[in-house]
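Student: Read top to bottom, the protein sequences are chains A and B.
Numbered per UniProt numbering, the first sequence spans residues 1 to 577.
Numbered per UniProt numbering, the second sequence spans residues 1 to 577.
Protein chains: 2
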Amino acid sequence: MAQDSIKLPNYLFARLRQLGIQSIFGVPGDYNLRLLDYVEPSGLHWVGNCNELNAAYAADGYARINGLGALITTFGVGELSAINGIAGANAEKAPVIHIVGTPSRALQDSRAMVHHTFADGEYGRFAAMHAHITVAQANLTDPRTAAEQIDWALQQALVKSRPVYIQLPDDMVDVAISSTRLDTPISIPSAPSPKHEEFLMTRILDRMYLAKRPMIFVDGETRPLKIIGQAEELVQRTGWPTWTSGFGKGLVNEQLDNVYGFYFAGYGDEQSKKYFDSADLALVLGPHYTNTNTQGYTTIPNKEASISFTESSVHIGNDIYRDISIRQFLTHLLQRMDPTCISTVDSAPPKPILDISHIKDSDLITQEGFYRFVNRLFSEGDIVLTETGTASYGGREFVLPPNTRTFAAITWLSIGYMLPATLGAALAQQETSRTGATGNVKRRAFLFIGDGSLQMTVQEISTIIREKLDVTIFILNNAGYTIERAIHGRKQAYNDITSWRHLQALSFFGATDQDAAQNNFSARTYGDLEQVLQSEPIRKGSGLRVVEVYMDREDCQGLLKTLMQQQIAGESAGVES
Amino acid sequence: MAQDSIKLPNYLFARLRQLGIQSIFGVPGDYNLRLLDYVEPSGLHWVGNCNELNAAYAADGYARINGLGALITTFGVGELSAINGIAGANAEKAPVIHIVGTPSRALQDSRAMVHHTFADGEYGRFAAMHAHITVAQANLTDPRTAAEQIDWALQQALVKSRPVYIQLPDDMVDVAISSTRLDTPISIPSAPSPKHEEFLMTRILDRMYLAKRPMIFVDGETRPLKIIGQAEELVQRTGWPTWTSGFGKGLVNEQLDNVYGFYFAGYGDEQSKKYFDSADLALVLGPHYTNTNTQGYTTIPNKEASISFTESSVHIGNDIYRDISIRQFLTHLLQRMDPTCISTVDSAPPKPILDISHIKDSDLITQEGFYRFVNRLFSEGDIVLTETGTASYGGREFVLPPNTRTFAAITWLSIGYMLPATLGAALAQQETSRTGATGNVKRRAFLFIGDGSLQMTVQEISTIIREKLDVTIFILNNAGYTIERAIHGRKQAYNDITSWRHLQALSFFGATDQDAAQNNFSARTYGDLEQVLQSEPIRKGSGLRVVEVYMDREDCQGLLKTLMQQQIAGESAGVES
């Protein structure tokens, strides 16, 4: 092989390494086996998942912490099993590289009737399906253009922070391509600043200097915009009251005096709502205004007061300033901002306190108290994950330590997502720790998940065990889909599930005898829960620990509680629910 | 409500009932909850699955036994999780009705940014994706046309024996439509016989009367062609040597003297191969000539000798006679056939015998002996299912009792399919039994599945338990994906899996204490296995039983063994594998 040549898989994997990927997820299949031979020799860690949907979820979780994630599946059966996970990454802007091993060019060209097809010679369907849910697609059939195709796809994943799709035919695995492009790093390209940028800067600074009741709203697209650092600096330097959405939660330090965490609107503190509603300026970072991220559109700052920083534009009232590099613009804004002109807010609402003084040991655990009760578990550097359901509603109440990341599903809301995503996120976190970027902090992950969601993807527990990740799972046992019960069908059997013996999960899924014996806990009362939190394995243990927490089948909070109560009222009024 | 009006869901479910569906699979989600309210009141049994892919697999297994299956998922997250199962049903012709609860028309029309979308107002993507893998799509947005759309979609599922896709917006659940169409049953339409049909009949009968070395090949599309009865009659009345493909296995009574079961070509009995290769007439029913159903194209009868009955045409050499109703044509052929003109075959090969005389109690269990050893378990009316992997290869050797159905994945080959498919097939079988159609035979299902495949969809064990189905699962523990090891990467870690404690599955997934204690077995030697087969719970028990059978990680048979040996030879010759 000539010096400037490289085998195609080595090129692809070298690019992934350059972009910070250390592990890759997936499942072997006969069209990707030869490709898999190149994974570990490229310095990537291969994480074999139990199935492909779980692999996609894991790659998504990994991407949200690491900035980029990847998985490898096989043609047809594998890639379609993963497709819902890829769609979720698209909806919530997790840049995931979906690499698919496909039949050889000879088979495709001859329209051979092979397995993993519909036996009609048509090989293009699955790529066409992926075009609906990914922002770039590449089919690497030509050694002359393969490197450029890879680079384009990867760059698109970075630029749009969304998934891309790369097909690699089985016989292309051994093909040599030029390696010269590897010397040029892949990065997000820039464009010259538009002429309206200076005007915009002045307009925003003027508004900031004049504001009397200013606020900041950190929404979830702050992460894909890569402005987490700028957001934190803005919050700290202005000292302005700051709230987040569910999607934005954990992207800004909740220990700061002016950070109030999740904005509950009508379900939270009245003084907060009063300030929020009457703000004369709301700097909105990375807005993502879906029904579920805005509590039915009730948590959106007033449009008249808002200056919103979106993917590549700034919105002020009805004015849209396009083609702004938000990250660079905010950096300049922070440099230009005169701290002496920023007014101190004297009408800021008091910061709510997580009160647990009313809770007695003998009380049964409820949604109302549970999250505030376990909040003390968390310490700097942890990851806290809440699965769709009562857990994602409840987890909004957490007050997190600095440098703690959290995420919940927000818009895609595919139940089953969070357990494999925890695998991915915890692995990314552990790798960051290994490379020393953030010091020697002990890095742990906490997952809060309902018993219904758990059933979707439960087998990935075995991969968490195999990868020796430090994860504590709280399984909320409320005998089914309580979030659905709140929405509709409170008493319907279709919202029930089969009851599992959750505390046998560790043993069944392959933990060591010792771990299977000592890492299981359950709690019905707060007294039980206190004992669990004080136990040695939870405080100082390692590996996977499982805590089963029993709650009432109709217990829920906030909007869900309102919906549940509306159903009950409707029933007693004889209304068909 | 006027007398000739009916609520839309009631219409849809009435149609499913008319077509023989008794149970419907799926997972609740907030866009389908109101629809689910109508399921059980319509007389359908709701089977809540652990996830949507499993629901699709279960509906597919149900369809293969019952003739039609159905599942209900929710918009986006649910339907995309199921999509690989729908694609498999398309590849292997299982008519599955995929019903999706979608957001209300108001939300869709206003392009609202709701959950389970990409927050861009586009609601059409998932239907577009399904158009690639289903034969009809219907979006029920108009009460005037909804009934006709439903009827068309269901008819297409019957005609093409492939999946169809029906979207039902949340607000259409309460809408009344006309019920008058319900009086007209949905059936496969007929067309006038083409004028070449009589010529074709004579041509085929002439060939049959002249044949000296005739044979019959029953392939898997015999099932979707709905000619299982005709096939059996043809085989019985001619007495001609008959073989099946993997896809066709179990569609004809293997106890008949002239039925040889699966055709192994170069991996089986020499005399069979000699006869097969030199046949002067091969009546081929429902050919499905993919690489995996033809052992790499080696089991296809000679084209010159073949008369093939396909979806709607008959192929004789290079001549194609189109627009033939195969079922009707074969019925006429059997009526017209003069038994005195059918020559007796005196050169028929001897029927292979399942010899287990060489097996000793102390022998470790191997792929070579296992399937013939357990063969005696099966009795009339059972279902025997073999998952993709060594099990599907091994199960070809079974000699099944009459009225026993078997199926393996053949072309789609999505590992993980067979466990949920067993749920669906066993339920369909039990329902048939309940309705008395086949008397009071005790109906049992046997699943043979590798430990790797099991991990994909293991949670559906809990649904089998809940539905109280009589199922025995043989888990082949060979520490990973042995079929992949045979193909490539014999020693590669990516073909390994995490080791589970399989005998705890019943307990973990919610069996009663008694069942969890008495229904677990394991075997390493044939002596162990003999004891298992003789045990009370296996012979006379009920509910779910699990037998873990240990085999060597590289043990395989037939084509897989050849591939494994080629790898080993390549390794010792220094060839990169």
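Where is the CB? At the ideal position from N, CA and C, for every residue including glycine.
1. With 8 angstroms as the C-beta to C-beta threshold (strictly closer), list the residues of the stretch 542 to 575 of chain A near chain B in chain order.
2. Anything in chain A within Cβ reach of Asp280/B, meaning under 8 angstroms, just list it in chain order.
3. Can a CB atom of chain A be found closer than 8 angstroms to the CB of Val77/B?
4. Just the Cα atoms here: how many angstroms apart are Ala306/A and Gly480/A?
5. Do Leu44/A and Arg15/A have their beta-carbon atoms positioned less than 8 angstroms apart in this structure?
6. Pull out every residue of the stretch 105 to 123 of chain B whose Cβ sits closer than 8 angstroms to any Cβ of chain A, in chain order.
7. Here's the rule I'm using: 16 or more other beta-carbon atoms within 10 Å means buried, otherwise exposed. How should Ala437/A be labelled?
8. Taking C-beta to C-beta, are Asn49/B and Ser81/A nearer than 8 angstroms?
9. With H, G and I counted as helix, E and B as strand and the rest as coil, what does DSSP make of Arg405/A?
10. Just reading off the beta strand (DSSP E) that Gly450/B is part of, what are its end residues?
11. Exposed or buried, what is Gly266/A when buried is set at 16 or more other beta-carbons lying within 10 Å of its beta-carbon?
12. What do you get for Lys212/B, buried or exposed, if any count of 16 or more other CB atoms within 10 angstroms of its CB means buried?
13. I need the straight-line Cα distance from Asp30/B to Glu530/B, nearest angstrom please.
14. Output, in chain order, the set of chain A residues within a Cβ distance shorter than 9 angstroms of Ser161/B.
15. Taking buried to mean at least 16 other C-beta atoms within 10 Å of its own C-beta, is Leu210/A buried or exposed?
16. Any beta carbon from chain A within less than 8 angstroms of Ser462/B's own beta carbon?
17. In chain order, what residues of the stretch 403 to 417 of chain A put their CB closer than 7 angstroms to some CB of chain B?
18. Whose Cβ in chain A lies nearer than 8 angstroms to the Cβ of Trp240/B?
19. Could you tell me which uninterrupted beta strand (DSSP E) segments, each at least 3 residues in length, are contained entirely in the UniProt domain "Thiamine pyrophosphate enzyme central" (202 to 336) of chain A, listed from first to last along the chain?
20. What does Ile487/A touch in chain B if you count any residue whose Cβ is under 8 angstroms from its own?
21. Whose C-beta lies closer than 7 angstroms to the C-beta of Thr222/B among residues of the same chain, with five residues either side of it excluded?
22. What in chain B is Cβ-close to Val100/A, meaning under 9 angstroms?
23. Which whole-angstrom value is the C-beta distance of Ser190/A and Asp4/A, which I expect to be below 8 angstroms?
24. Looking only at DSSP bridge pairs, what is Ser462/B linked to?
25. Buried or exposed for Gln271/A, please, with buried defined as at least 16 other CB atoms from any protein chain shown within 10 angstroms of its CB.
26. Going by C-alpha to C-alpha distance, which of Thr298/A, Thr344/A, Phe309/A, Pro349/A sits closest to Lys274/A?
27. Classify Gln137/B as helix, strand or coil using the three-state DSSP reduction.
28. Under a three-way DSSP split, which group does Gly436/A fall into?
29. Report the rounded CA-to-CA distance for residue 583/A versus Arg125/A, giving the unit in angstroms.
30. Can you check whether the CB of Asn90/A is closer than 8 angstroms to the CB of Pro143/A?
31. How would you write the range of the alpha helix (DSSP H) that Ile410/A sits in, first residue to last?
32. Quick one, are the C-beta atoms of Leu330/A and Leu385/A less than 8 angstroms apart?
33. For Asp171/A, decide whether its Cβ has a neighbour in chain B, counting only Cβ atoms nearer than 8 angstroms.
34. Against chain B, does Glu484/A count as a neighbour if the rule is that its beta carbon must be under 8 angstroms from one of theirs?
35. Which residues in chain B have a C-beta closer than 7 angstroms to the C-beta of Tyr494/A? List them in chain order.
36. So, does the stretch 448 to 463 of chain B touch the stretch 356 to 364 of chain B, judging by three or more C-beta pairs under 8 angstroms?
Tutor: Here's the rundown:
1. In summary, no residue of the stretch 542 to 575 of chain A has a CB separated from any CB of chain B by less than 8 angstroms.
2. Taking the first residue of the second sequence as position 1, residue 280/B is located at position 280. Ordered by position in chain A, no residue passes the 8 angstroms Cβ test against Asp280/B, which lies about 26 angstroms from the chain.
3. Taking the first residue of the second sequence as position 1, residue 77/B is located at position 77. Yes, Val77/B counts as interfacial toward chain A.
4. Start at 1 with the first residue of the first sequence, and residue 306/A comes out as number 306. Start at 1 with the first residue of the first sequence, and residue 480/A comes out as number 480. In the sequence on display, residue 306/A carries Ser and not Ala. Using only the alpha carbons, I get a separation of about 40 angstroms.
5. As a position in the first sequence, residue 15/A is number 15, starting the count at 1. As a position in the first sequence, residue 44/A is number 44, starting the count at 1. In this structure, Leu44/A does not lie closer than 8 angstroms to Arg15/A by Cβ.
6. Flagged, chain order: Ala112, Met113, Val114, His115, His116, Thr117, Phe118, Ala119.
7. If you number the first sequence from 1, residue 437/A lands on position 437. Interpretation of Ala437/A is limited by its pLDDT of 49, a score under 50 that renders its predicted location unreliable; the figure taken from the coordinates is listed afterwards. So Ala437/A ends up on the exposed side.
8. Position 49 of the second sequence, counted from the start, is the residue given in the question as residue 49/B. Position 81 of the first sequence, counted from the start, is the residue given in the question as residue 81/A. With respect to Ser81/A, Asn49/B sits apart: the two C-beta atoms are not nearer than 8 angstroms.
9. The sequence position of residue 405/A within the first sequence is 405, counting from 1. Annotated three-state conformation of Arg405/A is strand, per DSSP.
10. In the second sequence, residue 450/B corresponds to position 450, counting from 1. 445 to 450 is the span of the beta strand (DSSP E), which, as asked, contains Gly450/B.
11. On the first sequence, position 266 is the one that residue 266/A refers to. Under the 10 Å beta carbon count, Gly266/A is surrounded by fewer than 16 other beta carbons and is classified as exposed.
12. Here residue 212/B refers to the residue found at position 212 when the second sequence is read from its first residue. When all chains shown are included, Lys212/B counts as exposed.
13. In the second sequence, the residue the question calls residue 30/B occupies position 30. In the second sequence, the residue the question calls residue 530/B occupies position 530. Here the C-alpha atom of Asp30/B lies approximately 50 angstroms from the C-alpha atom of Glu530/B.
14. Locating residue 161/B in the second sequence gives position 161, counting from the first residue. Those do not exist, as Ser161/B stays about 13 angstroms from chain A at its closest Cβ, beyond 9 angstroms.
15. Residue numbering aside, residue 210/A sits at position 210 when the first sequence is read from its first letter. Classification of Leu210/A: exposed, given that the 10 Å Cβ count is below 16.
16. One-based indexing of the second sequence puts residue 462/B at position 462. Against chain A, the CB of Ser462/B has a partner CB under 8 angstroms away; the residue lies at that interface.
17. Answer in chain order: Thr411, Trp412, Leu413, Ser414, Gly416.
18. If you number the second sequence from 1, residue 240/B lands on position 240. Within 8 angstroms Cβ-Cβ: nothing; Trp240/B doesn't reach chain A, min ~27 angstroms.
19. DSSP runs (the beta strand (DSSP E)) wholly in the UniProt domain "Thiamine pyrophosphate enzyme central" (202 to 336) of chain A: 214 to 218, 242 to 244, 259 to 262, 281 to 285, 306 to 309, 313 to 316, 319 to 322.
20. As a first step, residue 487/A is located in the first sequence; it is residue number 487 there, counting from the start. For Ile487/A, the chain B residues whose Cβ falls inside 8 angstroms of its Cβ are Asp30, Leu33, in order along the chain.
21. Against the second sequence, residue 222/B aligns to sequence position 222. When the five nearest sequence neighbours on each side are left out, the beta carbons in the same chain lying within less than 7 angstroms of the beta carbon of Thr222/B are those of Ile228, Ala231, Gly248, Leu251, Leu285, Gly286, in order along the chain.
22. Within the first sequence, residue 100/A is the residue found at index 100, counting from 1. Simply none; closest approach about 13 angstroms.
23. Along the first sequence, read from residue 1 onward, the residue named residue 190/A stands at position 190. Along the first sequence, read from residue 1 onward, the residue named residue 4/A stands at position 4. Incorrect: roughly 28 angstroms between the Cβ atoms, too far for contact.
24. Translated into positions along the second sequence, residue 462/B becomes position 462. In the DSSP output, where bridge partners are listed per residue, Ser462/B has none listed.
25. Here the question's residue 271/A lines up with position 271 in the first sequence. Result: exposed.
26. Your numbering for residue 274/A matches position 274 in the first sequence. The residue among Thr298/A, Thr344/A, Phe309/A, Pro349/A with its C-alpha nearest the C-alpha of Lys274/A is Pro349/A.
27. Position 137 of the second sequence, counted from the start, is the residue given in the question as residue 137/B. When DSSP states are grouped into helix, strand and coil, Gln137/B belongs to the strand group.
28. In the first sequence, the residue the question calls residue 436/A occupies position 436. Annotation note: pLDDT 49 at Gly436/A (below 50); position unreliable, coordinate value reported separately. Looking at Gly436/A - three-state DSSP - the assignment turns out to be coil, as it is neither helix nor strand.
29. Outside the modelled stretch of chain A, which goes from 1 to 577, sits residue 583/A, for which no answer is possible.
30. If you number the first sequence from 1, residue 143/A lands on position 143. If you number the first sequence from 1, residue 90/A lands on position 90. The answer is no: Cβ separation not under 8 angstroms.
31. Against the first sequence, residue 410/A aligns to sequence position 410. Per DSSP, Ile410/A belongs to no alpha helix (DSSP H) and is neither H nor E.
32. Position 330 of the first sequence holds residue 330/A. Position 385 of the first sequence holds residue 385/A. No.
33. As a working note, residue 171/A is residue 171 in the first sequence. So, not an interface residue.
34. The count along the first sequence starts at 1 and reaches residue 484/A at position 484. At a cut-off of 8 angstroms between beta-carbon atoms, Glu484/A makes contact with chain B.
35. Taking the first residue of the first sequence as position 1, residue 494/A is located at position 494. Pro28, Leu36, Trp46, Gly48, listed in chain order.
36. Taking 8 angstroms as the limit for Cβ pairs, the verdict is that the stretch 356 to 364 of chain B does not touch the stretch 448 to 463 of chain B.
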